[in-house]
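Number of protein chains: 2
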Amino acid sequence: MPAAPKLSKRDATRENILTSALKLFRVKGFEPTTMRDIAKSAGLSLGASYYYFKTKEAIVMAYYDRVQAEHTALAIPAMRKAKDFRARLGVAMHTKLDIIKDDRRLLVAMFRYGGDPDHPLSWFGPATKKQRELAMEIFEAAIGDEKLPKDVRMLAPRLLWTAHMGMILYFLNDRSAGQKKTRALVDGGLDLLVQAFSMSSAPLLQPMVKPIRSKIVKLLEEAELVESSKS
Amino acid sequence: MPAAPKLSKRDATRENILTSALKLFRVKGFEPTTMRDIAKSAGLSLGASYYYFKTKEAIVMAYYDRVQAEHTALAIPAMRKAKDFRARLGVAMHTKLDIIKDDRRLLVAMFRYGGDPDHPLSWFGPATKKQRELAMEIFEAAIGDEKLPKDVRMLAPRLLWTAHMGMILYFLNDRSAGQKKTRALVDGGLDLLVQAFSMSSAPLLQPMVKPIRSKIVKLLEEAELVESSKS
DNA sequence: GTCTATAAAGGGATAGAC
DNA sequence: GTCTATCCCTTTATAGAC
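Chains as they are written, first to last, in the working numbering: chain A, 1 to 231; chain B, 1001 to 1231.
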């Protein structure tokens, strides 16, 4: 661990609030924890807490920024040591679960405004853009130089990001011990996915696969779910 | 239109509140509309409104019950007239969009607690079970007697329900005029889906397809995303 | 059973003083 | 930057009118 960087007073207070809030969220859940609880636990007034975090959800956002940074720091080096594509994908997904494993109660808040395009915390809005990009970089790295058709290569990071969102949704609802059902689903899902990738580039299957691939690409481009390749 | 069924006073008042609330939600959105607004607009006291709807979300739930009933009433007869599987699927999806087309602002409230297993309005909870089942019955009917492998046949309604949830999520975020991007995505998506179904049962492809199918079934059963077939 | 009126608990968010 | 006071809201509750 590097010498703890001297935190400005501002950052120290922020950190203090964040830590207190996460502790409470983990124990009581997101909704039952009030900003008054958080302020008290951090030894601050309610107003001061709002000075640092404009909304309760903003605290969860700050937590999630940290998750993303941690995920990058953990997954990228570990993937370098992984022996193949399948292994890299496993690392990408499982390290994410390792990081959030105790935080099901608080992650629900992240899913709250996904469907609401008018909300600043929408999944597709600018407030969450950096998080999306960071996450997608990890999947980018997981693919690495795996040999894939160009269009599949282009789609893959977003596909993996979407699968990873689904994984988190399943994880939130997974009451099995240690969320082992999620772990199993990830492993089985990735096996299938890798098989699909390899089929997508198998030379013998190209006559059947290629027109399907281009239909998919066209559909997603028109839906603006991926950026158009010709622009 | 059949002679308006005589509503009990209770039902008339409920209806009145619901109508007033929906009007406000459509104009102002879900969150900015207060129960006070709704009560005033319905010409009732705040207490009376709460007498009929315990929470603000309960109003949206009542709306969604109505959507489901309407969807059944609209889609089932229309599907009988449709000429084939693809057409029935198109009817199932597009009639849903027809019904909710002006209600993007209020449907966001339905997505709010989807990821939260502790919330009564969770997507997977008992409060929303009847809605899920009603929706799945429609997809059941859309499949009809289409010739499909037994395992695919079993999975298909849930697959379609999931796709339909994705459609709604896209729809909520679709700012194109008349949400025509959603319509196009549905059409293209269904074309691909039907192609996938037909490949799943094509005799020539069975050697390749069958092991994949059983892997998928096993995975979903273990994840309890479908009920086990052997029980 | 249906409703009004009213109060009050409790929480998110903000204004403005220090 | 930090605090107190305050606003407005959801929700619960109560007492009583019809």
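Don't be surprised by glycine CBs; every beta carbon is placed ideally from N, CA and C. Note that this is a predicted model, so its numbers are computed, not measured.
| Item | Value |
| --- | --- |
| At what residues does the alpha helix (DSSP H) containing A:F124 begin and finish? | Neither: A:F124 is in no alpha helix (DSSP H) and is coded neither H nor E. |
| May I ask you to list, following chain order, the residues of the segment 130-149 of chain A that have a beta carbon less than 8 Å from some beta carbon of chain B? | none |
| Quick check on B:S1201: does DSSP put it in helix, strand or coil? | helix |
| Report buried or exposed for A:M208, applying the criterion of at least 16 other Cβ atoms within 10 angstroms of its Cβ. | exposed |
| Compute the Euclidean distance between the alpha carbons of B:I1038 and B:N1016, then round it to the nearest angstrom. | 10 Å |
| For A:G144 versus A:R88, is the C-beta distance shorter than 8 Å? | yes |
| Excluding sequence positions up to five away, which residues of its chain have a Cβ less than 8 Å from the Cβ of B:L1190? | R1086, L1089, G1090 and M1093 |
| At a Cβ threshold of 8 Å, is A:K81 touching chain B? | no |
| Contact criterion: CB-CB distance below 8 Å. Does B:G1114 meet it with respect to chain A? | yes |
| Under 8 Å between C-beta atoms, does A:I216 make it to chain B? | yes |
| Jot down the residue ranges of each uninterrupted alpha helix (DSSP H) in the segment 1115-1185 of chain B, minimum 4 residues, whole runs only, in chain order. | 1129-1143 and 1150-1172 |
| For the alpha helix (DSSP H) containing A:S228, list its first residue and its last residue. | Note, A:S228: premise wrong, no alpha helix (DSSP H); not H, not E. |
| Quick check: the Cα distance between B:K993 and B:E1140, rounded to an integer number of angstroms? | Given that chain B is displayed from residue 1001 to residue 1231, the structure contains no residue 993 of chain B and the question cannot be resolved. |
| Look at B:L1024 and B:R1104 and say whether their C-beta atoms are less than 8 Å apart. | no |
| Do the segment 1043-1058 of chain B and the segment 1019-1035 of chain B touch if we need at least three Cβ pairs shorter than 8 Å? | yes |
| Roughly how many angstroms separate the alpha carbons of A:R14 and A:Y52, rounded to a whole number? | 6 Å |
| For the alpha helix (DSSP H) that contains A:G90, what are its first and last residues? | F85 to I100 |
| Out of A:K181, A:W161 and A:R213, which one is the CA nearest neighbour of A:Y170? | A:K181 |
| Is the Cβ of B:K1040 closer than 8 Å to any Cβ of chain A? | no |
| Under DSSP, the alpha helix (DSSP H) around A:M70 begins and ends at which residues? | First, the residue type needs correcting, since residue 70 of chain A is Glu and not Met in the sequence shown. Looking at the DSSP string, the run of the alpha helix (DSSP H) that includes A:E70 is K56 to K81. |
| From this set, A:S228, A:K40, A:M110 and A:E133, which residue's C-alpha is nearest A:W161's C-alpha? | A:E133 |
| Give the interface partners of B:P1117 over in chain A, defined as CB-CB distance under 9 Å, in chain order. | R104, V108, L172, N173, D174 and R175 |
| If we cut at 8 Å on Cβ distances, does A:F124 have a partner in chain B? | yes |
| My guess is that B:L1205 and B:M1199 are in contact by the Cβ rule of under 8 Å, so how many angstroms apart are they, rounded? | 6 Å |
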